[in-house]
Structures are given as C-alpha cells and as structure tokens.
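Asker: Below you'll find the structure I mean.
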Amino acid sequence: MSCTKRRSSFFKKIALFELKTIFRYIVPRKGEVSSSLMSFISLLIITLVTWLSLVFLSVADGIEKGWIQKLTSIHGPIKIIPTQSYYESHYNRIDLYSLSSGYHQKSLKEKKESSYLTTFDPSVDEELPLDFPLPHLDISGRPIDLLSTLHSIFHKAREKNLIITAQEYEITGAMMRLKVFSEKTMGFHLISQASYIMSFDDKNAPLLPEAAPQKTGFTPVFLPKSFMENGAKLNDIGQFTIYNGLSTGSMEENNPFEVVGFYEAGTLQIGPKCIFAPYDFVARISSEGQLESTDPILKGGFRIQTTPSNDVSSVYEFIKKELEREKIDLYFDVIPYYEYGFVKDILVSFQSDRVLYSFVALLVLIVAASNIVSVLLLIVYQSRKEIALFTALGASKQALVRIYSGLGLFLGSLGSFLGLGLGFITMKNLPLILQNIYLFKGYENLFSQSIPTHLSPGAMAVVLIGTPLIALVAGFIPALKASHYKPSELLRLM
7 MSCTKRRSSF FKKIALFELK TIFRYIVPRK GEVSSSLMSF ISLLIITLVT WLSLVFLSVA
67 DGIEKGWIQK LTSIHGPIKI IPTQSYYESH YNRIDLYSLS SGYHQKSLKE KKESSYLTTF
127 DPSVDEELPL DFPLPHLDIS GRPIDLLSTL HSIFHKAREK NLIITAQEYE ITGAMMRLKV
187 FSEKTMGFHL ISQASYIMSF DDKNAPLLPE AAPQKTGFTP VFLPKSFMEN GAKLNDIGQF
247 TIYNGLSTGS MEENNPFEVV GFYEAGTLQI GPKCIFAPYD FVARISSEGQ LESTDPILKG
307 GFRIQTTPSN DVSSVYEFIK KELEREKIDL YFDVIPYYEY GFVKDILVSF QSDRVLYSFV
367 ALLVLIVAAS NIVSVLLLIV YQSRKEIALF TALGASKQAL VRIYSGLGLF LGSLGSFLGL
427 GLGFITMKNL PLILQNIYLF KGYENLFSQS IPTHLSPGAM AVVLIGTPLI ALVAGFIPAL
487 KASHYKPSEL LRLM
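Numbering of the sequence shown is given in our numbering, commencing with residue 7 and proceeding in unit increments.
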C-alpha cells in the first residue's frame, strides 16, 4: 500500500513539474522575457483568428437562418398541395353539380367544414355526366373523404408533437392597379403589375404590421414596402382585375381594395409581387379567376408549421408515409421548404457559401497553427540548455513531448476562450457596428431584421474544438524535436 502511495506521489510531482515548466514559458520572468513574448504573440494570433472565425461563421449562419425563418413563416416549413388528380377527382368536382354547394367550387376550408357524403343528393341534383370520375373507395368499398383523411394525419402528427398547426391557405394571381399621389409631379399616377395574392392567417400575421384603420369597406390588403418608395400610402385605393371563365368567353371583374399596411418582403423572388389579403377574398378570387400557375408551390394548399424541436425532413417523411398508408398520396404532394422552386437556387447558394466559409476558417486556423509551430520551435531552440539539464536529471522523452505539446494545447485553448469572449461582445454590438459601416448600407432593407446578435452553436463547436486540437497537433512537431535532442551534445555546447 505504501509503495502505491509513493508511486502516486511521484507521478503527481512529475505532472506538477511539467505544468510549472509550461507556465514558465508563458508568465514573464527575469531573463526569460523572450520566450514569454513569443508565447504572447502566438496567443494573440490564435485569439484574433478564433474571434474572426466565430464572428464570420456566426453572421453567415445567422443570416441564413433568419432568411429561412422568414421564408417558413410566410410559406411554411412544409406545404401540402392538392395534385391535378385531386382537382379532377369525384371528390373535388362534385361541388359543381351539387345544389348544397351552390354549384360552385368550394375552397379547402369550405370542403373541410362540409360533409362529402351528403354533398350530392340524387333526389335534388341533376344526374352526373357519363364521363364523370368515379369516387375513390376504401377497402370496404366506401367513398373516402380525402380532406377528412388528411386532417386525421395532421391530428396524428400533432399527437406525436411533430407539428403545431396545419392551416389552409390560398394563393392566386391578378392584375393589380393602384392610384398613388406623386409629390414630385404633384399629381396622381398609376402603378400596375401582375401580382400574387396570398391569404394571411394567425401564423404569418406576426410578419405583418398592425393594420391601419380603414376608411372604406373595401378589402384590406398589405403591400410590400417597395410600393412605399413609389409613393403608395396607407388607405390608398386600388383594384384587382381578374377574368371570369364563362361559356360565352371571359368577363373582366374588378375588385377594389384598400391599403392597410406595408410589410418587409425580404429577398424572395416573388416578394415584391406578393400581396396579403383575407382568406375568404383570396379563395373567391382563386375559384372565379382563370389564372393558373405552373409552379405547384404557388397554388392553394396547407401550410404545415412544425415544432421547433423536430427536423423538417423527419416531419416530411412521416406525412409522406402516412399519405401512402392511407392510399391518398396520389391526391396530395408534400413539399418541404428546401424544395420550393422559387428558393432552391438561393438555398443552394447559402449551402455553397457555408462550405466555402468553413473551408476559409479552417485554412485560417491552420495558418495560426503554423505560427504555433514556429514559436515553439524557437522556444525549443532557446531552451536547449534546459532540455539538456532535464534529460540529464532523468526526464524522459515522453515528459519533454508532454511539456511542449501541452504548451501548444494550452495556447490553443486559452486563445479559443479569449476569442470566444471577444466574439460574444462583438455579436452583441454587431447592429451598432454595422450601422456605421457604409458597405452594408445597400443591404439594410434585406438584412437589417436578420443580422444575428448571438454566436452560432455550430461555429462555436467547430472553433472551440478544432482550434485546441490543431494547436495540440502543431505542438507535437517541436515536442518531438525536443525529445530527440541528445543531452551529451547539448551539454558540450554549454
């Protein structure tokens, strides 16, 4: 037992000796200022590199996440879009032949609130055409209520805490005309453009400003802020023009609206053309108009809001499998946000930039590591006498490796934490810093609301783990050189 205690005490003394030796190269002492100065310069470089890498990666990651958050708030992390098979199905087309439906196409919300099985009454309604599609039947031969089945899948996903809401939305298109007053010409001019009209609900309403009090009974709408630059103001009056499909041709229909607010459209391609209006209004325009979009994302459907703790791809896979299990996948497409046609290129660009930024940060860290190698080689060269004495007094090669590689690890770890502190302070004050940088002035409208003020967890993990490891590896080269010195040759030079 006493032998074990003596051995333990011996190893503790060796470890304490090695730690003291490491600190001798860092803390300035009389006659050893040069070694401490070199260590300080190396520490300063690692701190600056860590700080810049953290801020750089955090800003890039924060802008991407802010952009995606805004995108998913408007369009939803996942959309479920009725397919062409749905629109051509018995379930959908039966409304046009039903008195209870008013012989008009019901919206998704109206279909949800009505009963499919009682929509068509043979005793009241006219006989269906011979080429009318047959209903979709289950195994027992009963007609399947497509939307009720879909909502049962939503209910199951909510029970599993995968989604928060699944809300109907409508999006359509119309020619928008807005009469605005120009202060330059002191007269009125007309803004006219083809626009998307999207319904707003309690999920994307937080992105919209508080609605101004209306002066008319017209439909309230929110326009992109770009309209303000062209002179549009609150309570301006405009109109949407659509074309009703009739058997004798098409008829132009004008729907007046009143501007009640302006929202931040962001960087989306459709942003400057997207106008928000109440659901019922958009649903009516969509059912009466003749405009068809080639992009399925720009059609009505369901906006799925996932829970923050769940990955979008896992929720997407769950819903897709449930649709296949219920045999209704033919009628609905499930599309996650990263497959939206109008944002694919931007997301690919973000991913490419992230890889590039990470590669640049890695290169910078390697450059900092090469500085550690240079500094430790100089320290080893200046400490040849000490190394000779250590070896002569019985210090092993492993002890020398631990001392100088430990010095590299200590410099890397301390520099990482100092860089973390500087990065934290910088990110907290980043909006104030950017406010005075002319370079960012042109992007103020795009990123002013999405500039991050906190460090990215991913960047912190990469830098705080990568920097000490790289420093440790860099410290091995001088440590191995120190361990290969022959004490007899060094003592001869003394």
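Ideal Cβ placement from N, Cα and C applies to all residues, glycine included.
Helix, strand or coil for residue 266? Go by DSSP, reduced to three states.
Answerer: Your numbering for residue 266 matches position 260 in the sequence shown. Strand at residue 266.
Asker: Helix or strand or just coil, what does DSSP make of residue 501?
Answerer: In this structure the chain extends from 7 to 500, so residue 501 is not present and cannot be described.
Asker: CA-CA distance, residue 110 and residue 330?
Answerer: In the sequence shown, the residue the question calls residue 110 occupies position 104. In the sequence shown, the residue the question calls residue 330 occupies position 324. Cα to Cα, residue 110 sits roughly 30 Å from residue 330.
Asker: For the region 171-188 and the region 241-248, state whether three or more C-beta atom pairs, one from each stretch, are separated by less than 8 Å.
Answerer: Yes: at least three Cβ pairs fall under 8 Å.
Asker: In the DSSP output, what is residue 179 paired with across the bridge?
Answerer: The residue given as residue 179 occupies position 173 in the sequence shown. The partner list for residue 179 (beta bridge, DSSP) reads 202.
Asker: Three Cβ pairs or more, each shorter than 8 Å: is that satisfied between the region 86-106 and the region 145-158?
Answerer: With a cut-off of 8 Å, the region 145-158 and the region 86-106 count as touching, because enough Cβ pairs lie within range.
Asker: Whole angstroms is fine: what's the gap from residue 454's alpha carbon to residue 440's?
Answerer: Against the sequence shown, residue 454 aligns to sequence position 448. Against the sequence shown, residue 440 aligns to sequence position 434. With a pLDDT of only 49 at residue 454, under 50, the local geometry of the prediction cannot be trusted, and the value read off the model is given with reservation. Approximately 9 Å between the Cα atoms of the pair.
Asker: How many Å lie between residue 59 and residue 407 at the Cα?
Answerer: For this step, residue 59 is matched to residue 53 along the sequence shown. For this step, residue 407 is matched to residue 401 along the sequence shown. One C-alpha to the other measures close to 29 Å.
Asker: Looking at C-alpha atoms only, which residue of 477, 315, 419 is the closest neighbour of residue 373?
Answerer: Residue mapping note: residue 373 aligns to position 367 of the sequence shown, counting from 1. Closest by alpha carbon: 477.
Asker: Kindly indicate which residue of 258, 56, 86, 65 has the alpha-carbon position closest to the one of residue 345.
Answerer: Counting from one through the sequence shown, the residue named residue 345 turns up at place 339. Among 258, 56, 86, 65, the Cα nearest to that of residue 345 is on 86.
Asker: Could you give the distance in angstroms between the alpha-carbon of residue 62 and the alpha-carbon of residue 427?
Answerer: Reading the sequence shown from its first residue, position 56 is the one you call residue 62. Reading the sequence shown from its first residue, position 421 is the one you call residue 427. Residue 62 and residue 427: Cα-Cα distance of roughly 15 Å.
Asker: Starting from the N-terminal side, write out each stretch of the beta strand (DSSP E) that is 3 residues or longer and does not extend beyond the region 297-363.
Answerer: If we require 3 residues or more, the beta strand (DSSP E) runs fully inside the region 297-363 come out as 307-312, 338-342.
Asker: With H, G and I counted as helix, E and B as strand and the rest as coil, what does DSSP make of residue 227?
Answerer: Residue 227 sits at position 221 when you count from the first residue of the sequence shown. DSSP places residue 227 in strand when its eight states are reduced to three.
Asker: With contact counted as at least three CB pairs below 8 Å, one residue from each stretch, are the region 136-146 and the region 281-290 in contact?
Answerer: Touching, no, given that fewer than three Cβ pairs across the two stretches are closer than 8 Å.
Asker: If I'm right that residue 529 touches residue 241 with Cβ under 8 Å, what's the distance once you round it to whole angstroms?
Answerer: For residue 529 there is no data in the structure shown, the boundaries of the chain being 7 and 500.
Asker: Over what stretch of residues does the beta strand (DSSP E) that includes residue 282 continue unbroken?
Answerer: By 1-based counting over the sequence shown, the position of residue 282 is 276. Here the beta strand (DSSP E) through residue 282 covers 280-283.
Asker: Based on DSSP bridge pairs, tell me the residues matched to residue 246.
Answerer: Counted from its first residue, the sequence shown places residue 246 at position 240. According to DSSP, residue 246 bridges with 182, 261.
Asker: Alpha carbon to alpha carbon, how far is residue 103 from residue 316?
Answerer: If you number the sequence shown from 1, residue 103 lands on position 97. If you number the sequence shown from 1, residue 316 lands on position 310. Going by the C-alpha atoms only, they are around 43 Å apart.
Asker: With 16 other CB atoms within 10 Å as the buried threshold, where does residue 347 fall?
Answerer: For the purposes of this step, residue 347 is taken as residue 341 along the sequence shown, with counting starting at 1. Residue 347 is exposed by the Cβ-count criterion.
Asker: Tell me, please, which residues DSSP counts as bridged to residue 195.
Answerer: Residue 195 sits at position 189 when you count from the first residue of the sequence shown. The partner list for residue 195 (beta bridge, DSSP) reads 186.
Asker: Considering just the uninterrupted stretch of the alpha helix (DSSP H) at residue 437, what are its terminal residues?
Answerer: Locating residue 437 in the sequence shown gives position 431, where the first residue counts as 1. Where residue 437 is concerned, the enclosing alpha helix (DSSP H) stretches over 436-441.
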